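>
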Amino acid sequence: MSIPLSDRELSLRFLAMSGMAQELGELASRYFADQGSLNTQMKGAQDFVTEADHAVEVLFRKQIAAAFPDDSVMGEEMGGGGTDRLWIIDPIDGTANFARGDRQWCISIGFVAAGRPELGIIHAPSIGETYLGRRGQGATLNGKPIRAAETRDIRRSVVEFGWSTRMPTRLYIEAVERLYELGAHVKRSGSGALGLAQVAAGRTDGYAELHINSWDAAAALLIAEEAGARINEFFSGDWLEKGNPILATAPNLWEVIREASGIANAPPSAN
Ligand code: LIP
Numbered sequence: 256m257s258i259p260l261s262d263r264e265l266s267l268r269f270l271a272m273s274g275m276a277q278e279l280g281e282l283a284s285r286y287f288a289d290q291g292s293l294n295t296q297m298k299g300a301q302d303f304v305t306e307a308d309h310a311v312e313v314l315f316r317k318q319i320a321a322a323f324p325d326d327s328v329m330g331e332e333m334g335g336g337g338t339d340r341l342w343i344i345d346p347i348d349g350t351a352n353f354a355r356g357d358r359q360w361c362i363s364i365g366f367v368a369a370g371r372p373e374l375g376i377i378h379a380p381s382i383g384e385t386y387l388g389r390r391g392q393g394a395t396l397n398g399k400p401i402r403a404a405e406t407r408d409i410r411r412s413v414v415e416f417g418w419s420t421r422m423p424t425r426l427y428i429e430a431v432e433r434l435y436e437l438g439a440h441v442k443r444s445g446s447g448a449l450g451l452a453q454v455a456a457g458r459t460d461g462y463a464e465l466h467i468n469s470w471d472a473a474a475a476l477l478i479a480e481e482a483g484a485r486i487n488e489f490f491s492g493d494w495l496e497k498g499n500p501i502l503a504t505a506p507n508l509w510e511v512i513r514e515a516s517g518i519a520n521a522p523p524s525a526n
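Here the sequence shown stands for residues 256 to 526, where the numbers follow our numbering.
#1: From the DSSP output, in three-state form, read off ALA505 for me.
#2: Compute the Euclidean distance between the alpha carbons of ASP528 and PRO259, then round it to the nearest angstrom.
#3: Taking 8 Å as the cut-off, decide whether the C-beta atoms of HIS466 and SER419 are in contact.
#4: Nearest CA to the CA of MET297: which residue from ASP308, GLU415, GLU278?
#5: Are the region 264-277 and the region 371-383 touching, with three or more C-beta to C-beta distances below 8 Å?
#6: Given the structure, does GLY370 come close to the ligand LIP, in the sense that its CB is under 7 Å from one of the ligand's heavy atoms?
#7: Nearer than 7 Å: is that true of the beta carbon of THR350 relative to any heavy atom of the ligand MG?
#8: Taking C-beta to C-beta, are ALA403 and ALA482 nearer than 8 Å?
#9: From what residue to what residue does the alpha helix (DSSP H) around GLU481 run?
#10: Give the single residue among PHE353, TRP494, GLU488 whose Cα lies nearest to the Cα of LEU449.
#11: Please report how far the alpha carbon of ILE512 lies from the alpha carbon of ALA505, in whole angstroms.
#12: Hey, is ALA448 close to the ligand LIP, as in C-beta under 7 Å from one of its heavy atoms?
#13: Just reading off the beta strand (DSSP E) that SER412 is part of, what are its end residues?
#14: Should the region 409-419 be regarded as contacting the region 325-337, the criterion being three or more beta carbon pairs within less than 8 Å?
#15: Tell me whether TRP418 sits in a helix, a strand or coil according to DSSP, three-state version.
#16: Would you kindly check if the distance between the Cβ of ALA283 and the Cβ of ILE362 is under 8 Å?
#17: Within the continuous beta strand (DSSP E) that includes GLU312, where are the two ends?
#18: Could you give the first and the last residue of the continuous beta strand (DSSP E) run that contains ALA527?
#19: In whole angstroms, what is the alpha-carbon distance linking GLY436 and ARG410?
#20: Between which two residues does the beta strand (DSSP E) harbouring PHE269 extend?
#21: Express the C-alpha separation of ARG358 and SER444 in angstroms, rounding to a whole number.
#22: Would you say the beta carbon of ILE467 comes nearer than 7 Å to a heavy atom of the ligand LIP?
#23: Assuming ALA351 contacts PHE303 under a Cβ cut-off of 8 Å, what Cβ separation, rounded to an integer in Å, is found between them?
#24: Tell me whether GLY445, by its Cβ, gets closer than 7 Å to a heavy atom of the ligand LIP.
#25: State the Cα-Cα distance for the pair ALA525 and ASP348, rounded to the nearest angstrom.
#26: Label ARG425 either buried or exposed according to how many other C-beta atoms from any shown protein chain fall within 10 Å of its C-beta, with 16 as the threshold for buried.
#27: What I want to know is whether the C-beta of GLU415 ends up closer than 7 Å to one or more non-hydrogen atoms of the ligand LIP.
#28: Assuming GLU373 is part of the beta strand (DSSP E), what are its boundary residues?
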């Protein structure tokens, strides 16, 4: 049985996150600025990985080994596994954007203790935004408190619906059509973490995706919840290894968006 982290141990990690993300952001931004030399590979259709993804994750692992040697790391590019003190990183979320010089990308880092996220940071250096959240202590954007939107009318809403080849495109198109028929405006930015952060900041009224990976979502979903958004039970079943469907909405629009998206509140339990 693991010993629960003390408030002081969580605080030390929370205080360290911003500095670590800043250093990682400076490294990523150097690659981003040199698009002509950026080495980009394809993991599958519309699934990109660049040398920056790998370099940022390598540096993050060095940061954690130095600062918190007893903690574990799970990353999109190098894998890893769960203990009770687990860092989850997507080194570049929105890689397709990053690889084309589009500024909508970020570094997403979550910290999980006893199976649930306690801390999260979304650092987007190209757009000058850093989102932070700590369970029970709210969420901020560039140090200022943020809250989910109060929107009540779906015909005034903006909903982001993430897409990937991990799920049938037909299901995606049908869900998007249902939202448009209700009067919502539907968009997609290509970064699930930034999309969830927009819900936390009250700039959009929902983020939905039929499947998303743990490293994309762990930090941003905690931030959205701490900002007062309604979220589905993403952190259930085998979420860490297999991901889950995801939904985060402005509280007044939860039912109508959940219904139209086709995303159940409780994702499928572990297989
Ligand atoms: C992205 C996710 C997004 C999904 C994209 C892609 P990546 O992560 O943030 O939610 O729709 O297909 O998976 O690959 O840029 O780290």
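Positions of the beta carbon are idealized from the N, C-alpha and C atoms, including for glycine.
Being a predicted model, the structure only gives us computed values, none of them experimental.
Here's the rundown:
#1: coil
#2: This structure leaves residue 528 out entirely; the chain is present only between 256 and 526.
#3: yes
#4: ASP308
#5: yes
#6: no
#7: Ligands in the displayed structure: the ligand LIP; the ligand MG is not one of them.
#8: In this structure, ALA403 places its C-beta atom within 8 Å of the C-beta atom of ALA482.
#9: 469-481
#10: PHE353
#11: 9 Å
#12: Relative to the ligand LIP, the beta carbon of ALA448 is positioned inside 7 Å of a heavy atom.
#13: First-last for SER412: undefined, no H or E at that position.
#14: no
#15: coil
#16: Taking 8 Å as the cut-off, the Cβ atoms of ILE362 and ALA283 count as close.
#17: No beta strand (DSSP E) holds GLU312; the alpha helix (DSSP H) holding it covers 306-322.
#18: Examination of residue 527 is not possible in this model, given that the chain is present from 256 through 526 alone.
#19: A small fix is needed here, since residue 436 is Glu in this sequence, not Gly. Their Cα atoms are separated by approximately 9 Å.
#20: Counting along the chain, PHE269 falls outside any beta strand (DSSP E), though it belongs to the alpha helix (DSSP H) covering 262-288.
#21: 10 Å
#22: At least one heavy atom of the ligand LIP is nearer than 7 Å to the Cβ of ILE467, so yes.
#23: 5 Å
#24: GLY445: yes, Cβ under 7 Å from the ligand LIP.
#25: Any answer about ALA525 is weak, because its pLDDT of 44 lies below 50 and its placement is not dependable; what the coordinates show is given next. Rounded to the nearest angstrom, the two C-alpha atoms are 25 Å apart.
#26: exposed
#27: False, no ligand heavy atom lies under 7 Å from that Cβ.
#28: 371-379
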